[in-house]
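Asks:
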Amino acid sequence: MNQPESATPAEPLDFLVVGAGFAGMYALIQARRRGWSVLGLEAATGVGGVWFWNRYPGARCDVESLDYSYSFDEDLQQEWVWSERYATQPEIRRYAEHVAERFDLHRDLRFGARVVRATFDEASVLWTLETDGGEVFRARYVMFATGSLSTPNVPPIPGLETFAGRMLLTAQWPEEEVDFSGRRVGVVGTGSSGIQAIPIIAEAAERLTVFQRTPNFSVPVLNRDLPPEQLEEEKRNYAHRRTVSRASGGGSMHQAYPRAFEEIDDAERRAAFEAGWATGGVLFSKVFPNQMTDPVVNAAAAEFAAEKIRSIVTDPRTAEDLVPTDHPIGTKRICTDSGYYATFNRDNVELVNLRREPITEITSWGVKTTTGSYELDVLVLATGFDALTGSLTRVDLRGPRGDVLAESWADGPQTLVGLLVPGFPNLFIPHGPGSPSVFANMVMGAEHQVDWVLDLVEHARARGHTMVEARRDAAAAWTRHVDDVANGTLFPQAASWYSGANIEGKAASFMPYLGGLKGYIDRCSEVRDADYAGVVFSS
Ligand code: NA7
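The end of the sequence shown is residue 562 by our numbering, with every number in the run present.
1) Compute every distance between the C-beta of SER275 and the non-hydrogen atoms of the ligand NA7, then say whether any falls below 6 Å.
2) Tell me GLU492's beta-bridge partners as DSSP assigns them.
3) Where do the ends of the beta strand (DSSP E) carrying GLU384 lie?
4) Compute the Euclidean distance between the alpha carbons of HIS277 and GLN314, then round it to the nearest angstrom.
5) Report yes if the C-beta distance between PHE186 and ILE382 is below 7 Å; otherwise report no.
6) For SER29, count neighbouring Cβ atoms within 10 angstroms of its own Cβ and tell me buried if that reaches 16, exposed if not.
7) Measuring alpha carbon to alpha carbon, tell me which of LEU306, LEU439, ALA43 ends up nearest GLU87.
8) Hey, VAL41 and PHE167: beta-carbon distance below 7 Å or not?
9) Cβ atoms of GLU380 and THR394: under 7 Å apart, would you say?
10) Which residues bound the alpha helix (DSSP H) around PRO339?
11) Would you say the beta carbon of TRP573 is closer than 6 Å to some non-hydrogen atom of the ligand NA7?
12) Kindly examine the ligand NA7 and report whether one of its heavy atoms sits closer than 6 Å to the Cβ of ASN525.
13) Any chance the CB of ARG230 is under 6 Å from a heavy atom of the ligand NA7?
14) Are the CB atoms of TYR109 and THR193 nearer to each other than 7 Å?
15) Rounding to the nearest angstrom, what Cα-Cα distance links TRP520 and VAL440 in this structure?
16) What is the residue span of the beta strand (DSSP E) that ALA279 lies within?
17) Going by the C-beta, is GLY81 closer than 6 Å to any heavy atom of the ligand NA7?
18) State the DSSP-derived secondary structure class of TYR363, mapped to helix, strand or coil.
19) Using the Cβ count rule (16 or more neighbours within 10 Å means buried), how would you classify HIS263?
20) Excluding the 5 residues preceding and the 5 following THR174 in the sequence, name in chain order all residues of the same chain whose CB lies nearer than 7 Å to its CB.
21) Check whether the segment 125 to 139 touches the segment 147 to 156, counting contact only when three or more Cβ pairs, one atom from each stretch, lie closer than 8 Å.
22) With respect to 6 Å, is the separation between the Cβ of VAL346 and the closest non-hydrogen atom of the ligand ZN below this value?
23) Check whether the segment 505 to 513 and the segment 474 to 483 are in contact - that is, three or more C-beta pairs closer than 8 Å.
24) By the three-class DSSP mapping on this structure, what secondary structure does LEU36 have?
25) Leaving aside the five residues before and after MET24 along the sequence, list all residues of the same chain whose C-beta is less than 6 Å from its C-beta, in chain order.
26) By how many angstroms is the C-alpha of MET467 removed from the C-alpha of PRO318?
27) Suppose contacts are defined by Cβ-Cβ distances below 7 Å. Is PRO456 in contact with MET534 by that definition?
28) Measuring straight from C-alpha to C-alpha, what distance separates GLN100 and GLY273?
29) With a threshold of 6 Å, establish whether the CB of GLY212 neighbours any heavy atom of the ligand NA7.
30) Below 6 Å CB to CB, which residues in the same chain sit around GLY217 once its five sequence neighbours on both sides are set aside?
31) Can you give me the C-alpha to C-alpha distance between GLY487 and GLU285, rounded to a whole angstrom?
32) Can you give me the C-alpha to C-alpha distance between GLU65 and GLY72, rounded to a whole angstrom?
33) Give the DSSP-derived three-state secondary structure of SER29 in the structure shown.
34) Across which residues does DSSP place TRP150 in a beta bridge pair?
35) Following the continuous beta strand (DSSP E) through ASN321, name the residue where it begins and the one where it ends.
36) Mapping the DSSP letters down to three states, classify THR232 as helix, strand or coil.
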């Protein structure tokens, strides 16, 4: 398939892939390798998905670069040079662009094409996709590789539209550098995005006011350069690294502390947490294997983190405001930072605790709370995403028998292994709800999920079937399993975006699969080996 840039394919394609992030690009590469005609539709003007849009200062991946990268091509992983342990957004975006160039993806990619409607016609066995520009594309199979964190949440704060200064969304940051010097800046939101951006904005701004509704736990990222010798050494062991990662819970080399929390004394527990803290980042939630299931172990980890906060922040009241008390540590993704807590020791930084003084409105000049007025030149919204389902339910997605995705999922998403949705034949949603998605290395997860889907399609085609669809009871059973696994952990105790709690009116259901990458791969293999149990094939 080699379509000229401007032409809309006259003949239906085998595959349409929506989104050119890591999953979408991989799907393009692999569908092509199987000899299928394929086209990618991407809303942005370039590849990279979440790494295209999230250009806010300090944006950095919280998974190590050597892991957060494709494993399918040995030459690629050997030749690409990561400069830091945790890559910055610009470096990951360059990597995505390199992959697109290297595998000549541009010829099968349409940019600036946001899919707004998708309809399946059973008579012709075709999906028809329409873009916001009015273009129409047809294909036998569709993959919505639209990401878990790609629909920004603009909170319904009264008066937001009246702000006369500059308003910025971390998830839609401008390409050009933003100059904060001499500016009074406000940041609303203290999740990963806010926590990464705040220290950098604080250095540049005249004044920074941080509006915090709920404090989050943050662990120093402890980023460092990857010197060439170390990189070479790591690359010599890449095959081993990938094998161990695939057989792990999170898709990395992480090993929990070798002795059980219950078997060791306080001093050793402390040393274990200290070592976990010094390892850096999100993995602090996995110092002990039962840290996310046993409230006692979790409370010990939370207390350790609280002490760290208190030891850094000099003003005791600010320190207490920064200590999370409403959720077990790790049940909201632990943030990773470079100097976040110390930022609150700066003279030009103020923390506003919105639990004490909620925002009443945004005005032309700034933010009004129940007890304060904060004049601002720039307002940064680091307010998160309609995660996991938002990029799917906001498309007018219709199956052949009257199913509308947003309605089907009104009480929570139902999927088979996070990849197929009953009522929507020949539609696949890598990193969808019911897959591990954000709980395992997303790049490795994308490779597995896309391969699994393409194998399924190949299996169907080889047998003369034109349609594959999840059975409703099978999807319900999988969704119950996802729920059961979550209920065996502390995760449901948090009001998090994992369970839709951050979006008003969104159904409460714990969406990601917590069975671990290895557990998930095994379950997917079981489905495949049982002749795709739960999938209906028809012609
Ligand atoms: P998050 O983690 O969802 O954080 C969003 C933040 O915005 C969080 O502190 C919210 O407070 C806050 N928020 C949202 N709406 C409001 C309103 N109306 N008023 C005040 N504060 C608000 O998104 P991120 O982009 O930081 O991170 C998402 C993931 O990306 C992260 O977990 C990593 O995996 C990468 P709340 O907690 O709701 O009280």
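Here a beta-carbon is modelled for each residue, glycine too, at the ideal position from N, C-alpha and C.
Quick caveat, the model's predicted, so the values are computed rather than measured.
Replies: Taking the definition as stated:
1) no
2) VAL559
3) 382 to 385
4) 14 Å
5) no
6) Per-residue confidence for SER29 stands at a pLDDT of 47, beneath the threshold of 50, marking its modelled position as unreliable; the derived number appears in the next sentence. SER29 should be labelled exposed.
7) LEU306
8) yes
9) yes
10) 339 to 345
11) In the structure as shown, the chain starts at 24 and stops at 562, and residue 573 therefore has no counterpart that could be examined.
12) yes
13) no
14) no
15) 20 Å
16) No beta strand (DSSP E) contains ALA279, which DSSP labels as neither H nor E.
17) no
18) helix
19) exposed
20) PHE408, ASP409, GLY413, SER414, ARG417
21) yes
22) With respect to the ligand ZN, the structure offers nothing, as its ligand set consists of the ligand NA7.
23) no
24) strand
25) Because the pLDDT of MET24 is 33, which lies under 50, any placement of that residue in the model is unreliable, and the question is left without a value.
26) 30 Å
27) yes
28) 20 Å
29) yes
30) VAL210, ALA405
31) 56 Å
32) 9 Å
33) Annotation note: pLDDT 47 at SER29 (below 50); position unreliable, no value reported.
34) PHE143, ALA162
35) Here ASN321 belongs to no beta strand (DSSP E); instead the alpha helix (DSSP H) covers 318 to 335.
36) strand
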